[in-house]
Amino acid sequence: MRVTLWGTRGSLATPGPETSRYGGNTSCVGVRGREGTVLVLDAGTGVRRLAATLDAKVKRVDILLTHLHMDHIQGLGFFAPLYRPDVAVHIWGPASSKLTLRERLMRYLSPPLFPVCLRELPSEITLHEVPCGEVDIGEFRVSSTLVCHPGPTVGYRIVEAGGSVLTYLPDHEPALGTLSFPSLSRAWTSGGALAADADLLIHDSQYDAHEYAGHIGWGHSSLAQSLSFAALCEAKHLVPFHHDPNHTDADLDRLFDEAIAVAKPAFRVTPGREGAAFEI
Ligand SMILES: [Zn+2]
Ligand SMILES: [Zn+2]
């Protein structure tokens, strides 16, 4: 599969000269299978550029939402295939204990927040609530479980026929409630089963250690925790992303250099940059 980062920023789109290298668009990752299946992981503002890469031959797109915080759905109304009647768009995402996925999405895709209602979009839209066990989407087997983050939130494990494993955990605080992380086995750690032995792990790294101390319970990880989580799960390649809006390119260069020098990971680490692509 080919995995492309279209949005690497957390919480708020942060365009500007000081973020041009790592990127300012919010969470969105594109996945293309060997047989042409298209998966879209979250629909942050990066999804608009992803849509521009989908030609008229694409007739089905599956959007896998981890949760409905604004930075993960803001691009949805600007996803061009939703306006094509010849395209089937499947949207996967969590319901809440009170509202269905459709009701939750309609809160954004309706006036006054957005001029068009979900039901008025011309594409053929099907909604699926997660987590729902393992499902096959084209050549991919997709599983999801609830993970530690405020509100119903899942992570995804995507296995391509043939064995490559991608794990996507953009908003994730597995260290919550621990005095030192990791303190439990991976089976008892949030997201551990999703990320076990992943070929590519795309994971939350919003904060540095000092910032994390002031944001415990906000649902995010420090870069050091992200590295520890990848080691615990024996991931082969970590892509830390969901960068804090306050971190400039120069800040991120420094944070990655320092954290990697301390952790000395035995696996590959590639800081998440908008536009980066990985073949796994
Ligand atoms: Zn987020
Ligand atoms: Zn979130």
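In our numbering, the protein residues as written are 21 to 300. No residue lacks a Cβ here, since even glycine has one placed at the ideal position from N, Cα and C.
Contact annotation: Asp-219 and Leu-186 have beta-carbon atoms nearer than 8 Å.
Distance between Leu-166 and Ser-205, taken at the CA atoms: about 18 Å.
The Cβ atoms of Leu-84 and Val-60 lie closer than 8 Å to each other. Scanning Pro-35, Trp-26 and Glu-193 for the CA closest to the CA of Gly-64 turns up Trp-26. By the neighbour-count definition (other C-beta atoms within 10 Å, threshold 16), Ile-111 is a buried residue. Closest by C-alpha distance to Gly-97, out of Leu-141, Pro-260 and Pro-170, is Leu-141.
Rounded to the nearest angstrom, the Cβ distance from Thr-57 to Gly-183 is 16 Å, too far for a contact under 8 Å. The segment 192-204 makes contact with the segment 232-246: 3 or more CB pairs, one atom from each, lie closer than 8 Å. Annotation: Asp-82 to Met-90 spans about 19 Å, alpha carbon to alpha carbon.
By the 16-neighbour rule on beta-carbons within 10 angstroms, Asn-266 is exposed.
According to the DSSP secondary-structure assignment, Trp-112 is paired through a beta bridge with Leu-84 and His-148. Counting only the Cα atoms, Leu-221 lies some 14 Å from Glu-180. Between Ala-72 and the set Phe-160, Phe-99 and Ile-93, the nearest pair of CA atoms involves Phe-99. Within the segment 189-275, the runs of alpha helix (DSSP H) that reach at least 4 residues and sit entirely inside it are, in chain order, 212-215, 229-233 and 243-252. Every residue with a CB closer than 5 Å to a heavy atom of ligand 2 is listed here in chain order: His-89 and Asp-191. Contact annotation, Arg-29 with Asn-45: C-beta distance approximately 6 Å; criterion of less than 8 Å satisfied. Apart from sequence neighbours up to five positions away, the residues of its chain that approach Val-150 with a beta-carbon distance below 7 Å are Trp-112, Gly-113, Pro-114, Ser-164 and Val-174, ordered along the chain. Under DSSP, the beta-bridge partners assigned to Cys-48 are Gly-27.
Boundaries of the beta strand (DSSP E) harbouring Arg-177: 174-180, taken from the DSSP string.
Boundaries of the beta strand (DSSP E) harbouring Arg-161: 160-166, taken from the DSSP string. The beta carbons of His-240 and Asp-277 sit no closer together than 8 Å.
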